[in-house]
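What follows is one structure encoded as structure tokens, with my remarks underneath.
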Amino acid sequence: MSSPTLGTSDTVPSTGTDRRDDVAAGDVQHGTVDPFACQQEQAVLSESRHVVDELVHEVYGLRDRVARLEGQLDLLLRDPRLVASPNLSA
């Protein structure tokens, strides 16, 4: 499809709508930045990173706990006499 040239219609033949209407409806001012919006976005990103860091720390702690529990379970399975032992801690 060729681009319209000077003096030709810019109307879409199938619908009869002007393509420039779509462009005008979505116009955005370029080069203008709301500093408050940027600060809010940075605050949200910072909070998100903090939450992710806390979750990662918690996951590592849970992995360590699972590893300890697996070790205790393996020990119990190898020596059933330890099941009745009050010294085994969870």
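Counting along the sequence shown from 1, when you hit position 73 you're at 73 in UniProt numbering, and nothing is skipped either side. Note that CB positions come from ideal geometry on N, CA and C, so glycine has one too. Predicted, not measured: the structure shown is a model, and the values here were computed from it.
Distance between residue j and residue i (C-alpha atoms, nearest Å)
i	j	result
D79	R63	24 Å
V52	L76	36 Å
V59	V66	10 Å
F36	L45	14 Å
R81	E70	18 Å
R49	G61	18 Å
E54	E47	11 Å
T32	A43	20 Å
V56	R68	19 Å
L73	C38	52 Å
E41	D34	11 Å
N-terminal and C-terminal residue of the alpha helix (DSSP H) that residue i is part of
i	result
P35	35 to 78
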